[in-house]
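*Asks:* For what it's worth, the numbering used here labels the leading residue of the sequence shown as 393, then goes sequentially.
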Amino acid sequence: MTTTADGPAYTAEQVWLPASERLTDWDFAFHDLMLGDDLRMEAFRAAVLEAVRPGTTVLDLGTGTGILAQWALEAGARRVYGIELNADVLRTARDRVAAAGHGDRFLPVHGLSFDVDLPERVDVVISEIMGNLADNEGFATILADARRRFLAPGGAMLPRRVESYLVPVTAARAHAQVRAGTPQDGGGAGRFAELLRDRGARGPFDLYYDVVLPLDGHLSAPRIVRIYDLEQGEPSATYEVPLVFTVHRDGVLSGFKGYFVATLSDTVALDISGDGIAERTASDSWKHCFLPIEDQVPVRRGDRVVLTFCRSGTDGPFGQSYRWEGRVLSEGKEVARFAHSTAA
Ligand SMILES: C[S@@+](CC[C@H](N)C(=O)[O-])C[C@H]1O[C@@H](n2cnc3c(N)ncnc32)[C@H](O)[C@@H]1O
């Protein structure tokens, strides 16, 4: 992924490989992309300044290059712990916070959060570890563990609530790139075919992609898939959700768009469903999640798309597989079926 001085170098319906599936390999270019993502940065800055009170202690889980920690320190936090699994990236966080004059109040902790202990419980746990489908970077399990072991009684989580959504979409250009095996960062059709083989994927339609999918491609109203209340409860990492969509205009069903809306703090929400690339209302780093179906289906107003969407966990803290299968009904009769899964 590249950006230019004028902004992001991508366009609507351009297909990228799913960044969430390789988060342990993110390089500095990807961190720069996140730091240049106005939608993300403005919402998180406002929320951190609202949620962190002077004199409080804070954990920044997945501190990355330390930007949330810096804002917490600017808000007057007494101490900020920054947990990060990538040692090189954590060094940048330490340098950033020191350069801002707050080095004495920042305690970097290298490791995976599950393996780390802190010397005290904190007043606020802040994090930005969501994927574009909310749970494609394991955030709910990671944050449930953090709340249990690191948060003081009465403390606050930021974000506090996250909802994931799916909506059927028309996206013929994105669909064509998936079929041709030409995601922007796939290295060409040959290399991409190898990558699918290495993943154990049956084909290009058994993977999801990062794509900005325009709002005018929505074929129905979006439906909530999951609600994560991060201040209570223990979410299940696996689920199977039945969803029914009523098509509100004629078009061609190319697949599904996934995204999240997060309540970060008392008055700040982050909604990544937008599509304004020039206006910076689309997220540069998340884009949207595109779950394609192999055979596109012409649909008419009033048709129904019946979807079962499943997540199952795999061994590591970040791995998961998704399955999306269903059928299209026109005047009550089944006209098409589809079934895809990222499971190897
Ligand atoms: C999306 S980046 C955000 C970085 C930074 N907080 C920011 O807002 O720019 C998430 C970071 O969290 C780290 N991370 C994710 N889960 C983690 C975990 N369970 N333990 C430690 N680090 C984690 C990743 O390595 C990555 O650097």
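In this text, a Cβ means the ideal position worked out from N, Cα and C, and glycines have one as well.
Quick caveat, the model's predicted, so the values are computed rather than measured.
So, under 8 Å CB-CB, Arg488 and Gly468 are touching, yes? Tell me the CB distance rounded to an integer number of Å.
*Replies:* With a Cβ gap of about 18 Å, Arg488 and Gly468 do not count as contacting.
*Asks:* Determine which residues share a DSSP beta bridge with Gln712 and list them.
*Replies:* Answer by DSSP bridge pairing, in chain order: Gly705.
*Asks:* Just the Cα atoms here: how many angstroms apart are Leu535 and Ser519?
*Replies:* Cα-Cα distance, rounded: 9 Å.
*Asks:* In this structure, what does DSSP give as the bridge partners for Lys725?
*Replies:* Note: Lys725 sits in a beta bridge opposite Ser722.
*Asks:* Using only the alpha-carbon positions, how far apart do Thr659 and Glu623 sit?
*Replies:* Going by the C-alpha atoms only, they are around 16 Å apart.
*Asks:* So the alpha helix (DSSP H) Met433 belongs to, where does it begin and stop?
*Replies:* Met433 -> alpha helix (DSSP H) spans 430-443.
*Asks:* Just the Cα atoms here: how many angstroms apart are Asp784 and Leu599?
*Replies:* Not covered by the structure: residue 784. The range shown for the chain is 393 to 736.
*Asks:* DSSP puts Lys649 in a beta bridge; with which residues?
*Replies:* Note: Lys649 sits in a beta bridge opposite Val559, Phe682.
*Asks:* How about Phe420 and Met522: do their beta carbons lie closer than 8 Å?
*Replies:* Going by C-beta atoms, Phe420 is not nearer than 8 Å to Met522.
*Asks:* Does Asp663 come out as helix, strand or coil in the three-state DSSP assignment?
*Replies:* Strand at Asp663.
*Asks:* Within the same chain, show all residues whose beta-carbon is closer than 8 Å to that of Ala613, passing over the 5 residues directly before and after it, in chain order.
*Replies:* Val559, Phe637, Thr638, His640.
*Asks:* Any heavy atom of ligand 1 closer than 7 Å to the beta-carbon of Asn478?
*Replies:* It does: the Cβ of Asn478 is within 7 Å (strictly closer) of some heavy atom of ligand 1.
*Asks:* Within 7 Å: the Cβ of Pro545 and any heavy atom of ligand 1?
*Replies:* Pro545 Cβ: outside cutoff for every heavy atom of ligand 1.
*Asks:* Here's the rule: buried if 16 or more other CB atoms are within 10 angstroms of the residue's CB, otherwise exposed. What is Met393?
*Replies:* Low local confidence applies: a pLDDT of 43 at Met393 is under 50, so the model's placement there is unreliable, with the coordinate-based value given in what follows. Label assigned to Met393: buried.
*Asks:* At what residue ranges does the stretch 501-529 contain a whole run of the beta strand (DSSP E), taking only runs of 3 or more?
*Replies:* List check, beta strand (DSSP E) in window: 514-519.
*Asks:* Exposed or buried, which one is Asp403 when buried takes at least 16 other CB atoms within 10 Å?
*Replies:* The residue you asked about is not Asp; residue 403 is Thr in the sequence shown. Looking at its Cβ environment, which holds fewer than 16 other Cβ atoms inside 10 Å, Thr403 is exposed.
*Asks:* Taking DSSP's pairing of strands, which residues face Ala654 in a bridge?
*Replies:* Answer is Val554, Leu662.
*Asks:* Just to confirm the assignment, what range does the beta strand (DSSP E) spanning Leu451 have?
*Replies:* Element bounds for Leu451: 449-453.
*Asks:* If you follow the alpha helix (DSSP H) that Leu460 is part of, which residue opens it and which one closes it?
*Replies:* Looking at the DSSP string, the run of the alpha helix (DSSP H) that includes Leu460 is 459-466.
*Asks:* Going by DSSP in three states, Gln576 sits in which element: helix, strand or coil?
*Replies:* Here Gln576 sits in coil by DSSP.
*Asks:* Is the beta carbon of Arg719 sitting closer than 8 Å to the one on Arg729?
*Replies:* Yes, the Cβ-Cβ distance between Arg719 and Arg729 is below 8 Å.
*Asks:* Is Trp418 near ligand 1, in the sense that its beta carbon is under 7 Å from a heavy atom of that ligand?
*Replies:* The answer is yes for Trp418.
*Asks:* Quick check on the DSSP output: what are the complete alpha helix (DSSP H) runs of length 4 or more inside the stretch 593-652, in order along the chain?
*Replies:* Fully enclosed alpha helix (DSSP H) runs of 4 or longer: not present.
*Asks:* Where does Glu476 sit, in a helix, a strand or coil, going by DSSP?
*Replies:* Looking at Glu476 - three-state DSSP - the assignment turns out to be strand.
*Asks:* With DSSP run on the structure shown, which of helix, strand or coil describes Arg736?
*Replies:* According to the sequence shown, residue 736 is Ala rather than Arg. Three-state DSSP puts Ala736 in coil, outside helix and strand.
*Asks:* To which residues of the same chain is Leu721 closer than 6 Å at the C-beta, ignoring the five residues directly before and after it?
*Replies:* Cβ neighbours of Leu721 beyond the five flanking positions: Arg696.
*Asks:* Identify which residue in Asp509, Trp418, Leu525, Glu529 has its Cα closest to the Cα of Gly708.
*Replies:* Among Asp509, Trp418, Leu525, Glu529, the Cα nearest to that of Gly708 belongs to Glu529.
*Asks:* Terminal residues of the continuous alpha helix (DSSP H) containing Asp695?
*Replies:* From DSSP, Asp695 is part of no alpha helix (DSSP H); its letter is neither H nor E.
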